[in-house]
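Worksheet for the structure shown next.
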Amino acid sequence: MRLYLQTVPGSTDAPRYVQITLEQDLLGGWTLYRESGTQGGRATMKREQFLERDEAVAAFEKARDAQLKRGFRLMFAQGLEGPYGR
Numbered sequence: 001m002r003l004y005l006q007t008v009p010g011s012t013d014a015p016r017y018v019q020i021t022l023e024q025d026l027l028g029g030w031t032l033y034r035e036s037g038t039q040g041g042r043a044t045m046k047r048e049q050f051l052e053r054d055e056a057v058a059a060f061e062k063a064r065d066a067q068l069k070r071g072f073r074l075m076f077a078q079g080l081e082g083p084y085g086r
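Numbering of the sequence shown is given in the UniProt record's numbering, commencing with residue 1 and proceeding in unit increments.
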């Protein structure tokens, strides 16, 4: 699953972005990547690992909700499933 969120660009400021990605690794665990930065500028990447899918999805949704509260807007979503699709 992958989400790309971005702030509304100001008059002179470059927009900020956050990309949240959830991937399953080869051993059956889950990795949550959070990349954030300024469009065309520096970026930071944080990685968090989970053993269970439900824990990983809960962390993914929590990260998404936190960014939406901060004023980011969803620009792109890929691979989102319904609550019963696995």
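Cβ coordinates follow ideal geometry from the N, Cα and C atoms, glycine included.
Alpha carbon to alpha carbon, how far is residue i from residue j?
{"i": "E55", "j": "T31", "result": "11 Å"}
{"i": "E48", "j": "Y33", "result": "7 Å"}
{"i": "L27", "j": "T38", "result": "33 Å"}
{"i": "F50", "j": "K62", "result": "14 Å"}
{"i": "L5", "j": "M45", "result": "15 Å"}
Spatial neighbours of residue i within its chain, please: C-beta separation below 7 Å, excluding the five flanking residues on both sides.
{"i": "P9", "result": "P15"}
{"i": "R64", "result": "L3 and I20"}
{"i": "Q24", "result": "W30"}
{"i": "A59", "result": "L32, E48 and F50"}
Enumerate in chain order the residues of its own chain whose CB-to-CB distance from residue i is below 8 Å, with the five nearest sequence positions on each side excluded.
{"i": "R2", "result": "Q19, I20, T21, L22, F76, A77, Q78 and G79"}
Residue i: which of the options sits nearest, CA to CA?
{"i": "G71", "options": "Y17, D13 and T12", "result": "Y17"}
{"i": "G40", "options": "D13, R73, K69 and L68", "result": "D13"}
Near residue i, what residues of its chain come up, given a Cβ to Cβ distance below 6 Å and the 5 sequence neighbours on each side ignored?
{"i": "L74", "result": "L5"}
Problem - Segments assigned alpha helix (DSSP H), at least 4 residues, entirely inside the UniProt domain "WGR" (1-73) - result: Whole alpha helix (DSSP H) segments, 4+ residues: 53-69.
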